[in-house]
Amino acid sequence: MKRKALLKNGDEFVVLEESDFDAETALQEALKRNPEVIPVADLDLGEVVVVGRETPLPVGAIDLLLLDAEGRVIIVETKLSRNPELRRQVVAQVLDYGASLWRTAPTLKEFEAMVLWYWHSDACEDEQVKDVKSLRQGLEPIFKELCGEEWDYDTFEATLAENLANGQHVLLVVASGLMDRLSRDLLQYVNFCLNVPLYGVEIDVFETAGRQLIVPRGVRYGPERRPPTPTRGPIDRTTFLAACMPPAATFFERMLNEAEERGMIFYWGYKGFSVRMPLEPPVTVMYGFPPDEFQVYTGNWSLDTGQAEFRRRLSEVAPFKPSGQYTNILHLDEKTQQQAYAALAFMWGEVEEMMAAARGDE
Numbered sequence: 001m002k003r004k005a006l007l008k009n010g011d012e013f014v015v016l017e018e019s020d021f022d023a024e025t026a027l028q029e030a031l032k033r034n035p036e037v038i039p040v041a042d043l044d045l046g047e048v049v050v051v052g053r054e055t056p057l058p059v060g061a062i063d064l065l066l067l068d069a070e071g072r073v074i075i076v077e078t079k080l081s082r083n084p085e086l087r088r089q090v091v092a093q094v095l096d097y098g099a100s101l102w103r104t105a106p107t108l109k110e111f112e113a114m115v116l117w118y119w120h121s122d123a124c125e126d127e128q129v130k131d132v133k134s135l136r137q138g139l140e141p142i143f144k145e146l147c148g149e150e151w152d153y154d155t156f157e158a159t160l161a162e163n164l165a166n167g168q169h170v171l172l173v174v175a176s177g178l179m180d181r182l183s184r185d186l187l188q189y190v191n192f193c194l195n196v197p198l199y200g201v202e203i204d205v206f207e208t209a210g211r212q213l214i215v216p217r218g219v220r221y222g223p224e225r226r227p228p229t230p231t232r233g234p235i236d237r238t239t240f241l242a243a244c245m246p247p248a249a250t251f252f253e254r255m256l257n258e259a260e261e262r263g264m265i266f267y268w269g270y271k272g273f274s275v276r277m278p279l280e281p282p283v284t285v286m287y288g289f290p291p292d293e294f295q296v297y298t299g300n301w302s303l304d305t306g307q308a309e310f311r312r313r314l315s316e317v318a319p320f321k322p323s324g325q326y327t328n329i330l331h332l333d334e335k336t337q338q339q340a341y342a343a344l345a346f347m348w349g350e351v352e353e354m355m356a357a358a359r360g361d362e
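Residues 1 to 362 (our numbering) are what the sequence shown spells out, left to right.
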């Protein structure tokens, strides 16, 4: 039996009857043009921007490729058939796409080239990104408009780089109508047991007099649920330090004090902070994230010695682990605390050299 819905039209109510939406291509196009209808609040995602349509990979083409405001890559596959077997096949398909994207674009540079190829193609109709030369140029004004001026591109880019390097992509299956029990069990298994963020969007369609009402609804299973991104505000120093482990809190307290003494610029994000050189534009050099993560970021530096040589020198001071092309991570504990202080001193030396070069000092 088909479900019914009511649509209020002025003082009258119109009865709508459940129907099918058969055109997958039309749905892809509708989502591409109106990504805001993707139920990000249901899925615990941030605001999204389309960065690919029919994105070619060695194993096939991704229906839609999205980025959210927190630096997560979202692979979207539409499957409107109600055949349970086909729906289970699409789960394998999106896993295949995730693996292929990780192999094809594990760095910011490779991913940026993929996105720019789409933005500059005839398939992209968004005039905001038609002539941009970089991810930053395309995404920064859009996400600042969607999320507010406090949204920070450098924080976003650092997270994106880490997700690309680790293949931590969100997989999203868009299906027509209610999912069958087996499909829901599969979503739960992949999320809980395999720890892969595979979510669903159920498309309910109601029709009257040849007009259709399309209602997307997110289906998300996972070990825990965080508050939706739009409701969070920037963290402050006291809250940040309270969220850190004791050795990390002590280290970050000193790092913040020394940065303040040197006239550095701070930016407080939703979870952590960044330290930036007061240049035009400001250049991010370090991050702090609770409970214990110290990051050195070189994405916007001019390194005469090259990234590899800098990483070698940094790793000689403390056991930083590379993450992506530009991020270096050190987890702070009692064993690494003294090395972290040495790394901080090393970084202040690098900062002084870059500041002097920017001023033209000899």
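We treat Cβ as the ideally placed atom computed from N, Cα and C, and that holds for glycine.
Relative to the Cα of Val-132, the nearest Cα in the group Glu-145, Tyr-118, Ala-123 and Lys-144 belongs to Tyr-118. Its chain contains no residue whose beta carbon lies nearer than 8 Å to that of Asn-34 once the 5 sequence neighbours on both sides are disregarded. By the Cβ-count criterion, Thr-284 is buried, with 16 or more other Cβ atoms from all chains shown falling within 10 Å of its own Cβ.
In the structure shown, Phe-320 falls within a coil segment according to DSSP collapsed to helix, strand and coil. Per the DSSP secondary-structure output, Asn-195 pairs with nothing in a beta bridge. Looking at the DSSP output, Leu-16 shares a beta bridge with Ala-5. DSSP links Tyr-267 through a beta bridge to Ser-274.
Note on Asp-236: under 16 other CB atoms within 10 angstroms of its CB, so exposed under the neighbour-count rule. Residue pairing by DSSP places Asp-68 opposite Val-48 in a beta bridge.
The region 163-177 and the region 68-78 touch, with three or more beta-carbon pairs separated by less than 8 Å. The DSSP-derived three-state label of Pro-216 is strand. For the pair of segments examined, the region 147-159 was found not to touch the region 50-58: the number of CB pairs separated by less than 8 Å stays below three.
When only Cα atoms are considered, Trp-301 and Ala-357 end up about 12 Å apart. In this structure, Leu-66 is the residue among Leu-66, Phe-13 and Val-170 with its C-alpha nearest to the C-alpha of Val-37. The beta carbons of Leu-43 and Gly-167 sit no closer together than 7 Å.
Among the bridge pairs identified by DSSP, Phe-289 is matched with Glu-293. For Asp-333, the three-state secondary structure derived from DSSP is coil. Secondary-structure assignment with DSSP links Asn-328 through a beta bridge to Val-296 and Pro-322. Thr-159 and His-331 have their C-alpha atoms some 16 Å from each other. Residue burial is scored here from C-beta neighbours: Asn-328 has at least 16 other C-beta atoms within 10 angstroms and is therefore classed as buried.
Here Glu-77 is bridged, per DSSP, to Val-173. For Pro-246, the secondary structure class from DSSP, reduced to helix, strand or coil, is helix. Beta-bridge partners of Leu-57 (DSSP): Gly-60.
For Lys-2 and Val-90, the gap between their C-alpha atoms comes out near 25 Å.
Using a Cβ-Cβ distance cut-off of 8 Å, the region 304-319 and the region 265-275 are not in contact, since fewer than three pairs of beta carbons, one from each stretch, lie closer than that value. Annotation: Gln-93 to Leu-279 spans about 46 Å, alpha carbon to alpha carbon. For Gly-138, the enclosing alpha helix (DSSP H) covers residues 135-147. For Val-283, the beta-bridge partners assigned by DSSP are Met-277.
When rounded, the separation of the alpha-carbon atoms in Phe-320 and Ala-41 is 35 Å. Cβ-Cβ distances below 7 Å link Leu-135 to Glu-112 and Val-115 in the same chain, with the five nearest sequence neighbours on each side left out; the list follows chain order. Per DSSP, Ala-158 is one residue of the alpha helix (DSSP H) stretching across 153-166.
For Asp-204 and Val-215, the gap between their C-alpha atoms comes out near 5 Å.
Nearest C-alpha to Ala-242 among Thr-208, Ala-209 and Phe-289: Phe-289. Just measuring C-alpha positions, the residue of Leu-57, Met-347 and Leu-256 sitting nearest Glu-110 is Leu-57. Rounded to whole angstroms, the separation of the alpha carbons of Pro-291 and Val-48 is 27 Å.
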